[in-house]
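Chemist: Quick one: this structure, given as structure tokens, is what I'll be asking you about.
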Amino acid sequence: MDTPRHGDHLRFSSSTILIMPSGHPLVLLEFMEANLWDIGQGGRSTGLNPVSQLDCLQRDNYIRSVKLLPDGRTLIVGGEASQLSIWDLASPTPRIKAELTSAAPACYALAISPDSKVCFSCCSDGNIAVWDLQNQTLVRQFQGHTDGASCIDISADGSKLWTGGLDNTVRSWDLREGRQLQQHDFTSQIFSLGYCPTGEWLAVGMENSNVEVLHANKPDKYQLHLHESCVLSLRFASCGKWFVSTGKDNLLNAWRTPYGASIFQSKESSSVLSCDISADDKYIVTGSGDKKATVYEVIY
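Per the UniProt record's numbering, the sequence shown starts with residue 1, numbered consecutively.
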């Protein structure tokens, strides 16, 4: 892989970013409102306008996580509110079609099951809420974290869930039996994690600037030390051969799985709050604290 080249810069206020599951370079960015951007318009531009804007939360409340279902029509938004909002993007004007209400005052992260039938929300009270999207009901809560559950990922086969918390732990959950499988204790709060699509490795980003890569079933572990401040987001490529992490130190790092050889590093002008990788592994998108998104094209 060659060093990615910068593409479009999009202005926005955001703490979360994603690329459509179809792999098409359509990006969603948000703060208390969500913006949809089409970065596949051709050419490079610094002045792209959003396709749609969604007013999701009350003023001064942050959106913490969004998930777009594979149909490209349904968007789930969670943040500093007790409700998750489900948006219909296929209507002439995007609209809220349902809300899921939790006992917790905030949602920090979301995951969707591979069959798109279940949504998992990491709650500020430490619980993991399990939602039936078809019936729009709470069907279960996983309890174990003693502080906010901050990040989440799900295995490709939908059988296992990984969560990280502000209680310095990472936990895995058996989704078929509804029980905790493992607990990994760390010396720092967990801010981000990603589960490798191959099903072997888990990467964890921490408040103390470290990234640790753990084997899912063996004691093998690697510690990576290129970040200079807390690691705010982390994402594996679909191929599983590499992953990226971003941090408060303005850095985007790309690492070889699992041992963490540095593939490339890019320094942005502000804290890099979030990232995503397109399904075809051709684009990396970051969202930063200076209200800007950066699109990187990965050249193999």
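Ideal Cβ placement from N, Cα and C applies to all residues, glycine included.
Helix, strand or coil for Arg73, going by three-state DSSP, please let me know.
Modeler: Here residue 73 refers to the residue found at position 73 when the sequence shown is read from its first residue. In this structure, Arg73 counts as coil in the three-state DSSP scheme.
Chemist: Touch check for the stretch 68-80 and the stretch 146-166: three-plus C-beta pairs under 8 Å?
Modeler: Not touching, per the Cβ criterion.
Chemist: Would you check if there are 3 or more beta carbon pairs closer than 8 Å linking the stretch 166-177 to the stretch 239-259?
Modeler: Three or more beta-carbon pairs separated by less than 8 Å are not found between the stretch 166-177 and the stretch 239-259, which leaves the two stretches without contact.
Chemist: Whose C-beta lies closer than 6 Å to the C-beta of Leu166 among residues of the same chain, with five residues either side of it excluded?
Modeler: Stepping through the sequence shown from its first residue, residue 166 is reached at position 166. Cβ within range, chain order: Asp147, Gly148, Ser150 and Gln189.
Chemist: Whose CA, out of Thr169, Arg235, Gln180 and Phe191, lies closest to the CA of Trp201?
Modeler: Your numbering for residue 201 matches position 201 in the sequence shown. Trp201 has its Cα closest to that of Arg235, out of Thr169, Arg235, Gln180 and Phe191.
Chemist: Based on Cα-Cα distance, which residue from Asn168, Val272 and Asn135 lies nearest to His145?
Modeler: One-based indexing of the sequence shown puts residue 145 at position 145. Selected option, being the one with the closest Cα: Asn168.
Chemist: Which class does Thr246 belong to by DSSP, given the choice of helix, strand or coil?
Modeler: Working through the sequence shown from its first residue, we reach residue 246 at position 246. Correct three-state label for Thr246: strand.
Chemist: Is the separation between the beta-carbon of Ala104 and that of Asp125 shorter than 8 Å?
Modeler: Translated into positions along the sequence shown, residue 104 becomes position 104. Translated into positions along the sequence shown, residue 125 becomes position 125. Yes, Cβ-Cβ distance for Ala104 and Asp125 is below 8 Å.
Chemist: Where Ser102 and Tyr300 are concerned, what is the direct C-alpha to C-alpha distance, given to the nearest angstrom?
Modeler: Indexing the sequence shown from 1 puts residue 102 at position 102. Indexing the sequence shown from 1 puts residue 300 at position 300. C-alpha separation (whole angstroms): 44 Å.
Chemist: For Lys267, count neighbouring C-beta atoms within 10 Å of its own C-beta (all shown protein chains included) and say buried if the count is 16 or more, exposed if not.
Modeler: Here residue 267 is taken as the residue at index 267 of the sequence shown, counted from 1. Exposed, since its Cβ has fewer than 16 Cβ neighbours within 10 Å.
Chemist: Taking the beta strand (DSSP E) that Leu89 falls in, what are its first and last residues?
Modeler: Translated into the one-based positions of the sequence shown, residue 89 becomes position 89. That residue, Leu89, is in no beta strand (DSSP E); it is neither H nor E in DSSP.
Chemist: Excluding five sequence neighbours on each side, which residues of the same chain lie with their C-beta closer than 8 Å to the C-beta of Phe120?
Modeler: Start at 1 with the first residue of the sequence shown, and residue 120 comes out as number 120. Excluding positions up to five away in sequence, the list reads Leu110, Ala111, Ile112, Ser113, Ile128, Ala129, Val130, Trp131, Ile152, Ile154 and Leu161.
Chemist: Suppose you measure from the CA of Ser229 to the CA of Pro92; what does that come to, to the nearest Å?
Modeler: Here residue 229 refers to the residue found at position 229 when the sequence shown is read from its first residue. Here residue 92 refers to the residue found at position 92 when the sequence shown is read from its first residue. Going by the C-alpha atoms only, they are around 43 Å apart.
Chemist: Quick one: give me the first and last residue of the beta strand (DSSP E) that Thr101 is part of.
Modeler: Stepping through the sequence shown from its first residue, residue 101 is reached at position 101. Where Thr101 is concerned, the enclosing beta strand (DSSP E) stretches over Arg95 to Thr101.
Chemist: Using a Cβ-Cβ cut-off of 7 Å (strictly less than) and excluding sequence neighbours within five positions of Gln136, which residues of its own chain qualify?
Modeler: If you number the sequence shown from 1, residue 136 lands on position 136. The answer, listed in chain order, is Ala98 and Leu100.
Chemist: Give the DSSP bridge partners of Ala111, in chain order.
Modeler: Here residue 111 corresponds to residue number 111 of the sequence shown, with the count starting at 1. According to DSSP, which records beta bridges pairwise, Ala111 is partnered with Phe120.
Chemist: Nearest to Lys291 by CA position, among Ser270, Gln265 and Asp115, is which residue?
Modeler: Reading the sequence shown from its first residue, position 291 is the one you call residue 291. Minimum Cα distance to Lys291 is reached at Ser270.
Chemist: Among the candidates Asp115, Pro197, Gln141 and Glu207, whose CA atom is the shortest distance from the CA of Gln134?
Modeler: Along the sequence shown, one-based indexing puts residue 134 at 134. The shortest C-alpha separation from Gln134 is found at Asp115.
Chemist: Kindly list the residues whose CB is nearer than 8 Å to the CB of Asn210, restricted to its own chain and excluding five residues on each side of it in sequence; keep chain order.
Modeler: Start at 1 with the first residue of the sequence shown, and residue 210 comes out as number 210. For Asn210, where only same-chain residues beyond five positions count, the Cβ hits under 8 Å are Ser188, Gln223, Leu224, His225, His227 and Val231.
Chemist: Relative to the C-alpha of Tyr108, which candidate in Pro219, Leu193, Phe264 and Asp281 has its C-alpha closest?
Modeler: Here residue 108 corresponds to residue number 108 of the sequence shown, with the count starting at 1. The shortest C-alpha separation from Tyr108 is found at Leu193.
Chemist: Using a 10 Å radius around the Cβ and a threshold of 16 neighbouring Cβ atoms, would you call Asp185 buried or exposed?
Modeler: For this step, residue 185 is matched to residue 185 along the sequence shown. Burial call: exposed.
Chemist: How is Cys230 classed by DSSP in three states: helix, strand or coil?
Modeler: Working through the sequence shown from its first residue, we reach residue 230 at position 230. Cys230 carries a coil assignment under DSSP once its states are collapsed to helix, strand and coil.
Chemist: How would you call Ala90, buried or exposed, if buried means at least 16 neighbouring beta carbons within 10 angstroms?
Modeler: Position 90 of the sequence shown, counted from the start, is the residue given in the question as residue 90. With fewer than 16 Cβ atoms within 10 Å of its Cβ, Ala90 is classed as exposed.
Chemist: Let me know the secondary structure DSSP gives Leu166 once reduced to three states.
Modeler: The count along the sequence shown starts at 1 and reaches residue 166 at position 166. DSSP, read as helix, strand or coil, puts Leu166 in coil.
Chemist: Report the partner residues of Tyr222 according to the DSSP bridge assignment.
Modeler: Sequence index remark: in the sequence shown, residue 222 carries index 222 (1-based). Per DSSP, Val213.
Chemist: Does DSSP put His145 in a helix, in a strand, or in coil?
Modeler: Locating residue 145 in the sequence shown gives position 145, where the first residue counts as 1. DSSP places His145 outside both helix and strand once states are collapsed to three, so it counts as coil.
Chemist: Check whether the Cβ of Asp147 sits closer than 7 Å to any heavy atom of the ligand ZN, and report yes or no.
Modeler: Of the ligands one can find in the structure shown there are none, so the ligand ZN has no counterpart to examine.
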